[in-house]
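Step one of this worksheet: look at the structure below.
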Amino acid sequence: MREAHRFAMRSCIAGICWSHRLRRPLRRKRRRVETTPVSFAHGIACLPALAVLGFSGVQLPTGLRYITWPPRGQLSWCDTLALKKGSSRPRLHSYNDSSPKMSNRIVIVGFGNIGQAVIPLLQDEFAGRRITAIDCCIDERRVEIATARNIELVEQRVDADNFQGILAPRLSRGDFLLNLAPSVSTCDLLLLAQSKGAIYLDTGIEPWEYHYDQDDYDGTNADTSNYALRERVLALKRGQSASTPTAIVANGANPGYVSALVKQGLLELAQEVGLAELASPAPRTREDWARLAAALDVQVIQISERDTQRAPIERAPREFVNTWSVPGFMTECQQDAELGWGTHEPTLPAGAVRHTAGSRAAIRLSRPGWATTVKSWTPRQGEFEGYVLTHHEAISIADYLTLGPPAAATATYRPTVYYAYRPTDLAVESMSLLREDGGDAPAERLLKDEITEGIDELGVFLLSGRYPALWLGSALSIGRARSLAPYNNATSLQVVSAVVAALRWAEAHPAEGIVEADEIDYTAIVEYGEHFWAPMQRCYTHWKPIEGLSRLAFAAFAATNESAEVVQTTS
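Numbers 0 to 570, taken from numbering that gives the first Met the number 0, label the letters of the sequence shown in order.
This is the structure:
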């Protein structure tokens, strides 16, 4: 009787506390709390038993020019958005009571920089779930983190031959499968997760192997372009029935969170220039969003990033240094540059590849990202030269904001979209290794604990042919990142906060099938992520790559010499 008494009491308290965890604001500092994963319904069901047993009841930099248009009284021209005094991280959105009962495991493939950085946020947000991390390389750092965080750590390379044997026994309905490793197939892991009833997420669509042959534009190189990888996933999506388990592809900071910022930026720009009626009520469909962007004459959307994080170290001669995954960054640098291609563009760059199948929303250049540079701008850095690295969001945002049939000749509106990235100075130095032929693979160094100062300024830059441009995004410093979550620098925290924001949405919407970031409710993503991305900056500017420019053609932004010539097409 005494044991039954204790069980009923524990079950009731655990169930009620568990329900409360789903609605409480997130703690800024973690306390270790032991909880029992018992549902609220379980706790309530025990109340009659208890009764029977006798129980009752940041400032912008000095010198930035503040422009006075529009008239005073409207939104400030430049504004740094900080958290409101006393604010906390947002509550979880309500659950769909008719959704399948969730399980309690998170399986992570890849326990590198992002895999480690996401752990504190996962354990804060999904405290009842057990975490298993799988990585091909288990070093002292990984073991230390896994031990401190009570994570099961498995040393195993996941490949095309063994992924089912490794992952299938670890997955069941309602589990999370996070693919955070380079060169681990999105399509294969996504389908496996769905077959087990698990929710899937990755931060970029991956093949099992990339190809970088710059002379093979219609063969294997094209097969692993971001355009081709995305089209394969979209083909899977078209073939799926309703109520398939949710699988979110390409959702980190960028691609991912920036898609939500584009929508927020369009609404703010409409308000700023006196076209609030176009944004009220807020658009609900992709066509509505495209019409709003067209009405604002948004011709170019740059995903603009300048990373100024610094460490007092010297780079060894054959060492590649970066603030996030070195293999992932090298892969992006070596792939052909890709960008969403706007309907306002007069000509194609020389050697560009125009696709003849699929969305046709993008083009591929005939040179890698490390050899392609453009002019960009951020509120703190001002004008800078960034590398056009191929990214999923450049294609998906351009596709999402297309009006009319997808064929380039018949679409009536589409902006040009691309990622303009200037990494740390040490990373730029390291990129010189990409120009060298042969030689041993470089040593890798990930900057995290060594960083002493700096900011990762990342946002969306909406450039209109008719109205001022809007830059909207983060100016997260290394100091603030460390104060929010261990195992992070500014770059990784922007990524992992977006990952967790998307997982929260997926848990509340477990049967949406394959989903891109552009299709997720942007308010839910921004609501969670802004705490970690703060201080947020919005800045309106008349900056253009060439003063007085009216048509914002890609050639005007290009720091690499561009000439107009159409030489190739590909399916």
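Positions of the beta carbon are idealized from the N, C-alpha and C atoms, including for glycine.
Can you list, in chain order, the residues of its chain with a C-beta nearer than 6 Å to that of Val-117? Leave out the 5 residues immediately preceding and following it.
Within the sequence shown, the letter at position 118 stands for residue 117. The residues are Val-495, Val-498.
With DSSP collapsed to three states, give me the class of Cys-186.
Stepping through the sequence shown from its first residue, residue 186 is reached at position 187. Looking at Cys-186 - three-state DSSP - the assignment turns out to be helix.
Can you say whether Gln-263 is buried or exposed, counting buried as having 16 or more other CB atoms within 10 angstroms of its CB?
As a position in the sequence shown, residue 263 is number 264, starting the count at 1. By the 10 Å Cβ count, Gln-263 comes out buried.
With Ala-476 as the anchor, note down where its alpha helix (DSSP H) starts and where it stops.
In the sequence shown, the residue the question calls residue 476 occupies position 477. As written in the sequence, residue 476 is Ser, which differs from the Ala given in the question. Note, Ser-476: premise wrong, no alpha helix (DSSP H); beta strand (DSSP E) at 468-476.
Taking all protein chains shown into account, do 16 or more other C-beta atoms lie within 10 angstroms of the C-beta of Asp-398, making it buried, or fewer, making it exposed?
Translated into the one-based positions of the sequence shown, residue 398 becomes position 399. So Asp-398 ends up on the buried side.
What residue does the beta strand (DSSP E) around Gly-381 start on, and which one ends it?
Residue 381 sits at position 382 when you count from the first residue of the sequence shown. It spans 381-387 - the beta strand (DSSP E) in which Gly-381 sits, taken as one unbroken run.
Could you check which residue in Gly-327, Val-352, Glu-452 has the C-alpha nearest to that of Leu-338?
On the sequence shown, position 339 is the one that residue 338 refers to. Selected option, being the one with the closest Cα: Val-352.
If we ignore side chains and look at the alpha-carbon of each, how far apart do Leu-268 and Leu-469 end up?
As a working note, residue 268 is residue 269 in the sequence shown. As a working note, residue 469 is residue 470 in the sequence shown. Taking the straight line from one Cα to the other gives about 7 Å.
Would you say the beta carbon of Gln-380 is closer than 7 Å to some non-hydrogen atom of the ligand MN?
As presented, the structure is devoid of all ligands, the ligand MN included, so that no description of it is given.
Measure the C-alpha to C-alpha separation of Ile-247 and Arg-503 and round it to an integer number of angstroms.
Along the sequence shown, one-based indexing puts residue 247 at 248. Along the sequence shown, one-based indexing puts residue 503 at 504. The alpha-carbon atoms of Ile-247 and Arg-503 are separated by roughly 12 Å.
With DSSP as the reference, label Glu-313 as helix, strand or coil.
Taking the sequence shown and counting its residues from 1, one reaches residue 313 at position 314. Three-state result, Glu-313: coil.
Runs of 4 residues minimum, wholly inside the region 514-558: which ones carry the alpha helix (DSSP H) assignment?
Listed in chain order, the complete alpha helix (DSSP H) runs (minimum 4 residues) inside the region 514-558 are 521-532, 553-556.
The alpha helix (DSSP H) with Phe-125 in it runs from where to where?
Within the sequence shown, the letter at position 126 stands for residue 125. Taken as a continuous stretch (DSSP letters only), Phe-125 belongs to no alpha helix (DSSP H), as it is neither H nor E.
So what does DSSP say about Pro-326, is it helix, strand or coil?
Translated into positions along the sequence shown, residue 326 becomes position 327. Note: Pro-326 maps to helix in three-state DSSP.
Which whole-angstrom value is the C-beta distance of Ile-450 and Ala-474, which I expect to be below 8 Å?
The residue given as residue 450 occupies position 451 in the sequence shown. The residue given as residue 474 occupies position 475 in the sequence shown. Going by Cβ atoms, the distance from Ile-450 to Ala-474 rounds to 16 Å, so no, they are not a contact pair.
Going by C-alpha to C-alpha distance, which of Leu-364, Ser-463, Ala-523, Ala-489 sits closest to Pro-422?
On the sequence shown, residue 422 is found 423 positions in, with the first residue counted as 1. For the residues Leu-364, Ser-463, Ala-523, Ala-489, the minimum Cα distance to Pro-422 belongs to Ala-489.
Can you check whether the CB of Ala-289 is closer than 8 Å to the CB of Leu-462?
Taking the sequence shown and counting its residues from 1, the one referred to as residue 462 is at position 463. Taking the sequence shown and counting its residues from 1, the one referred to as residue 289 is at position 290. Cβ distance not < 8 Å, so Leu-462 and Ala-289 don't count as in contact.
Going residue by residue through the region 332-419, where are the continuous alpha helix (DSSP H) segments of at least 4 residues, counting only ones entirely within it?
Runs of the alpha helix (DSSP H) inside the region 332-419: 391-399.
In this structure, how does DSSP classify Glu-205 when only helix, strand and coil are distinguished?
Taking the sequence shown and counting its residues from 1, one reaches residue 205 at position 206. The answer is coil: DSSP assigns Glu-205 none of H, G, I, E or B.
Between the C-alpha atoms of Gln-301 and Pro-168, what's the straight-line distance to the nearest angstrom?
As a position in the sequence shown, residue 301 is number 302, starting the count at 1. As a position in the sequence shown, residue 168 is number 169, starting the count at 1. Rounded to the nearest angstrom, the two C-alpha atoms are 42 Å apart.
What does a CB cutoff of less than 7 Å around Met-430 pick up in its chain, not counting 5 residues either side in sequence?
Numbered from its first residue, the sequence shown carries residue 430 at position 431. Counting only Cβ-Cβ distances below 7 Å, and skipping sequence neighbours, we find Cys-332, Trp-369.
Buried or exposed: Phe-175, going by 16 or more other Cβ atoms within 10 Å of its Cβ?
To locate residue 175, count along the sequence shown from 1; it is residue 176. Phe-175 comes out buried.
Quick check on Phe-175: does DSSP put it in helix, strand or coil?
Taking the sequence shown and counting its residues from 1, one reaches residue 175 at position 176. Residue state, collapsed to three classes: strand.
Let's see if you can read the secondary structure: which residues bound the beta strand (DSSP E) around Val-117?
Along the sequence shown, one-based indexing puts residue 117 at 118. Segment: none, Val-117 is in no beta strand (DSSP E) and carries neither H nor E.
Taking the straight line between their C-alpha atoms, what separation do you get for Gly-341 and Val-514?
Walking along the sequence shown from the start, residue 341 turns up at place 342. Walking along the sequence shown from the start, residue 514 turns up at place 515. C-alpha separation (whole angstroms): 24 Å.
Decide if the region 197-205 is in contact with the region 141-160; the criterion is three or more beta carbon pairs, one per stretch, under 8 Å apart.
Too few Cβ pairs lie closer than 8 Å, so no.
Return the chain-ordered list of same chain residues with a C-beta closer than 6 Å to the C-beta of Ser-242, the five sequence neighbours on each side being excluded.
Position 243 of the sequence shown, counted from the first residue, corresponds to residue 242. For Ser-242, where only same-chain residues beyond five positions count, the Cβ hits under 6 Å are Ala-510.
How far does the alpha helix (DSSP H) with Val-427 in it reach, from first residue to last?
Your numbering for residue 427 matches position 428 in the sequence shown. Segment 424-429, the alpha helix (DSSP H) holding Val-427.
For the alpha helix (DSSP H) that contains Arg-305, what are its first and last residues?
Reading the sequence shown from its first residue, position 306 is the one you call residue 305. Note, Arg-305: premise wrong, no alpha helix (DSSP H); beta strand (DSSP E) at 297-306.
Report yes or no: do the region 544-551 and the region 275-284 share at least 3 C-beta pairs separated by less than 8 Å?
No, because fewer than three Cβ pairs between the region 544-551 and the region 275-284 fall closer than 8 Å, the two stretches do not touch.
Span of the alpha helix (DSSP H) holding Ile-144?
Counted from its first residue, the sequence shown places residue 144 at position 145. First-last of the alpha helix (DSSP H) with Ile-144: 139-147.
Looking at Ala-419 and Ala-249, is the spacing between their C-beta atoms short of 8 Å?
Sequence index remark: in the sequence shown, residue 249 carries index 250 (1-based). Sequence index remark: in the sequence shown, residue 419 carries index 420 (1-based). No, the pair does not count as a contact, with Cβ atoms beyond the cut-off.
When the Cα atoms are used, what is the spatial distance from Cys-135 to Ala-180?
Indexing the sequence shown from 1 puts residue 135 at position 136. Indexing the sequence shown from 1 puts residue 180 at position 181. Using only the alpha carbons, I get a separation of about 10 Å.
Check whether the Cβ atoms of Glu-382 and Thr-372 sit closer than 8 Å, and answer yes or no.
Translated into the one-based positions of the sequence shown, residue 382 becomes position 383. Translated into the one-based positions of the sequence shown, residue 372 becomes position 373. Their beta carbons are not under 8 Å apart, which means Glu-382 does not touch Thr-372 by this criterion.
Which residue marks the beginning of the beta strand (DSSP E) containing Asn-321, and which one marks its end?
Locating residue 321 in the sequence shown gives position 322, counting from the first residue. Asn-321 -> beta strand (DSSP E) spans 318-321.
Taking Ile-130 as the reference, give the member of Thr-146, Arg-359, Tyr-539 with the closest Cα.
Here residue 130 refers to the residue found at position 131 when the sequence shown is read from its first residue. Nearest of Thr-146, Arg-359, Tyr-539 to Ile-130, Cα basis: Thr-146.
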